[in-house]
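Asker: Have a look at this one before I ask anything.
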Amino acid sequence: MGKAETSKLPRGVTVRKHRQGETINITFTYKGVKCREPLSNLDVTPKNLKYAERILGEIHNKIERGTFSYSEYFPRSARLKLFGNAAAGKTVKIYLDEYLVICETRKLSPSTIVGYRKSKTALSFFHPFPASELTPAALKTWIQNQTIALKTIRNHLSFMRSALDEAVTDGVIQINPVSLVTASRYQTQKATSEAEYIVDPMSPDETSAIYQSCRHQEWENTFRFAFNTGVRPSELCALRWDDIDFVGNTAHVQNASVVGVLKGTKTKSGTRKIELNAEALRAIQEQKQFTFLKSEFIFNDPKTGSPWATADAIRKKAWVPTLKKAGIRYRNPYQTRHTFATRHISQGANLFWLAGQMGHKGPEMLFRHYGSYLKEYDGNTERRPKQVTGGT
Numbered sequence: 003m004g005k006a007e008t009s010k011l012p013r014g015v016t017v018r019k020h021r022q023g024e025t026i027n028i029t030f031t032y033k034g035v036k037c038r039e040p041l042s043n044l045d046v047t048p049k050n051l052k053y054a055e056r057i058l059g060e061i062h063n064k065i066e067r068g069t070f071s072y073s074e075y076f077p078r079s080a081r082l083k084l085f086g087n088a089a090a091g092k093t094v095k096i097y098l099d100e101y102l103v104i105c106e107t108r109k110l111s112p113s114t115i116v117g118y119r120k121s122k123t124a125l126s127f128f129h130p131f132p133a134s135e136l137t138p139a140a141l142k143t144w145i146q147n148q149t150i151a152l153k154t155i156r157n158h159l160s161f162m163r164s165a166l167d168e169a170v171t172d173g174v175i176q177i178n179p180v181s182l183v184t185a186s187r188y189q190t191q192k193a194t195s196e197a198e199y200i201v202d203p204m205s206p207d208e209t210s211a212i213y214q215s216c217r218h219q220e221w222e223n224t225f226r227f228a229f230n231t232g233v234r235p236s237e238l239c240a241l242r243w244d245d246i247d248f249v250g251n252t253a254h255v256q257n258a259s260v261v262g263v264l265k266g267t268k269t270k271s272g273t274r275k276i277e278l279n280a281e282a283l284r285a286i287q288e289q290k291q292f293t294f295l296k297s298e299f300i301f302n303d304p305k306t307g308s309p310w311a312t313a314d315a316i317r318k319k320a321w322v323p324t325l326k327k328a329g330i331r332y333r334n335p336y337q338t339r340h341t342f343a344t345r346h347i348s349q350g351a352n353l354f355w356l357a358g359q360m361g362h363k364g365p366e367m368l369f370r371h372y373g374s375y376l377k378e379y380d381g382n383t384e385r386r387p388k389q390v391t392g393g394t
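Under our numbering, the letters of the sequence shown match residues 3 to 394, in that order.
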């Protein structure tokens with residue numbers, strides 16, 4: 003920045019130049035000590051300089067009222083040692099943020115990081131709490147007011163428990179309050195039933211209506227393949243042309259696209275070769291004109307010409323509008339997988355073969371998810387049918 007631009011900087015706001023670029027700094031006096039702190043991850047723009055001026059104003063006001071917490075604004079500052087216990091005033095939000103950084107440093111999977119970020123948002127009620135003032139009673143009240151699934155509540159609390167373990171390490175609290183609360187004891191039955199995930203497959207007529215209501219041929223190809231192979235939506239996004247064996251009529255499922263990042267399948271048994279029936283092969287052949295020799299990935303977004311980045315992109319851009327046009331009650335795209343499973347069970351498929359097709363270690367997972375369907379067709383599961391199609 004030039005002299006003319008520098009002279010226009012708000013009072014107490016400066017710009018420091020270094021090898022990597024420029025950093026906005028703010029300067030203030032706290033407890034008789036002149037403090038200069040950088041505002042990291044902010045480009046030097048007029049908008050961000052105004053933001054820095056507002057932050058500085060907040061700090062001055064809180065210092066005057068005696069409510070300023072240095073650690074709340076600058077949790078990693080070396081100056082914290084000058085002002086007593088560096089962690090004493092840290093809020094729950096600060097510990098959640100710091101734990102996210104730890105997880106990113108440990109290079110946990112992208113889907114795990116995304117899940118933790120969602121948990122942080124879901125726990126916004128606790129953000130202002132000083133970690134030292136968080137009580138089991140507050141956690142109990144929050145749980146009782148939730149209308150989400152018990153499993154989701156447990157996931158959120160697990161994230162907060164891990165984050166607040168750092169508060170125990172810092173000596174801010176003696177016992178982690180999250181460890182003292184059992185979610186199942188306080189969640190209402192109504193919340194559990196409303197959020198419970200159920201297997202809700204499509205009927206043959208609904209499947210046909212979906213094919214006929216697709217706005218683009220690529221959408222129809224994608225859904226036809228999903229209904230007739232049982233692949234997970236994330237696996238569908240990552241399927242390559244090199245994964246298809248046109249001689250043996252099989253597909254090698256070995257990757258999944260999670261939050262836009264390619265990774266291995268969900269489990270070791272998820273890496274598998276699946277048989278392609280006539281309908282799945284039809285979808286592949288129809289898709290050739292769009293991506294074969296043009297992209298390594300089979301299924302693409304016709305509006306962008308690029309491969310589907312995530313399963314959620316398929317849901318929002320293709321699945322939802324297709325179901326609306328077809329007049330079909332909404333279910334999520336994962337029901338294509340459930341439709342594949344229940345259809346084969348109803349027609350007497352060998353359960354070991356079916357488990358292999360779906361990427362399960364054995365039939366145990368089928369019993370867990372599709373127990374009612376297995377009871378209905380008990381005694382008719384000794385052999386796999388030669389051909390089971392998924393509609394026209």
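Cβ atoms here follow ideal geometry from the backbone N, Cα and C, with glycine treated the same way.
Can you find at least 3 beta carbon pairs, one from the segment 332-342 and one from the segment 219-238, that sit closer than 8 angstroms?
Answerer: Touching, per the Cβ criterion.
Asker: Keeping to the same chain, check which residues put their C-beta closer than 7 angstroms to that of A61; ignore five residues upstream and five downstream.
Answerer: The question names Ala, yet the displayed sequence has Ile at residue 61. Hits under 7 angstroms: F30, F70, Y75.
Asker: How would you call I104, buried or exposed, if buried means at least 16 neighbouring beta carbons within 10 angstroms?
Answerer: Exposed, since its Cβ has fewer than 16 Cβ neighbours within 10 Å.
Asker: Comparing alpha-carbon positions, which option in G350, E55, P130, R284 lies nearest T95?
Answerer: According to the sequence as given, residue 95 is Lys; it is not Thr. When each option's Cα is compared against that of K95, the closest is P130.
Asker: Would you call the segment 318-334 in contact with the segment 241-249, where contact means no fewer than 3 C-beta pairs closer than 8 angstroms?
Answerer: At 8 angstroms Cβ cutoff, the stretches do not touch.
Asker: Count the other CB atoms, across all protein chains shown, that sit within 10 Å of the CB of E222; report buried if there are 16 or more and exposed otherwise.
Answerer: So E222 counts as buried.
Asker: Any idea if Q289 is buried or exposed, counting beta-carbon neighbours within 10 angstroms, 16 or more meaning buried?
Answerer: By the neighbour-count rule (16 or more Cβ atoms within 10 Å), Q289 is buried.
Asker: Could you tell me whether the Cβ atoms of N334 and R345 are closer together than 8 angstroms?
Answerer: In this structure, R345 does not lie closer than 8 angstroms to N334 by Cβ.
Asker: Counting Cβ pairs, one atom from each stretch, are 3 or more of them under 8 angstroms apart for the segment 140-147 and the segment 166-175?
Answerer: Counting Cβ pairs under 8 angstroms, fewer than three are found: no touch.
Asker: Return helix, strand or coil for G2, following the three-state DSSP convention.
Answerer: A question about residue 2 goes unanswered here, because the residues of the chain that appear run from 3 up to 394.
Asker: In this structure, what does DSSP give as the bridge partners for L41?
Answerer: Beta-bridge pairing links L41 to I26.
Asker: Please return the same chain residues whose Cβ sits closer than 6 angstroms to the Cβ of F128, not counting the five positions on each side in sequence.
Answerer: Closer than 6 angstroms at the Cβ level, and outside the excluded window around F128, lie V94.
Asker: Does the Cβ of P77 have 16 or more other Cβ atoms within 10 Å, making it buried, or fewer, making it exposed?
Answerer: Flag for P77 reads buried.
Asker: Round the Cβ separation of V183 and P138 to the nearest angstrom and send it over; I've been treating them as touching at under 8 angstroms.
Answerer: Going by Cβ atoms, the distance from V183 to P138 rounds to 5 angstroms, so yes, they are a contact pair.
Asker: Comparing alpha-carbon positions, which option in R81, H158, G34, L98 lies nearest L121?
Answerer: In the sequence as displayed, the identity of residue 121 is Ser instead of Leu. Nearest C-alpha to S121: H158.
Asker: Who does F299 pair with in a DSSP beta bridge?
Answerer: Paired residues: R242.
Asker: What residues in its chain sit with their C-beta under 6 angstroms from that of L98, if we drop five residues either side in the sequence?
Answerer: The answer, listed in chain order, is K122, A165.
Asker: Locate the alpha helix (DSSP H) running through E135, then write down its first and last residues.
Answerer: Careful: E135 lies outside any alpha helix (DSSP H) and carries neither H nor E.
Asker: Which residue's Cα is closest to the Cα of M360: T324, A253, A313, F301?
Answerer: Of the candidates T324, A253, A313, F301, the one whose C-alpha sits nearest the C-alpha of M360 is A253.
Asker: Would you list the one or two residues that DSSP bridges to I276?
Answerer: Answer by DSSP bridge pairing, in chain order: A253.
Asker: Could you tell me which whole alpha helix (DSSP H) segments of length 4 or greater appear in the segment 42-73?
Answerer: Those alpha helix (DSSP H) runs which fall completely within the segment 42-73 and span 4+ residues are 48-67.
Asker: For Q219, report the span of its alpha helix (DSSP H) as first-last.
Answerer: Segment 219-231, the alpha helix (DSSP H) holding Q219.
Asker: According to DSSP, is P309 part of a helix, a strand, or is it coil?
Answerer: Here P309 sits in strand by DSSP.
Asker: With a threshold of 7 angstroms on Cβ separation, who are the neighbours of L51 within its own chain once the five nearest residues in sequence on each side are excluded?
Answerer: Taken in chain order, the residues that qualify are L11, P12, V15, I26.
Asker: Identify the continuous alpha helix (DSSP H) that holds P323 and give its terminal residues.
Answerer: Where P323 is concerned, the enclosing alpha helix (DSSP H) stretches over 322-328.
Asker: The alpha helix (DSSP H) with P206 in it runs from where to where?
Answerer: Its alpha helix (DSSP H) spans residues 206-214.
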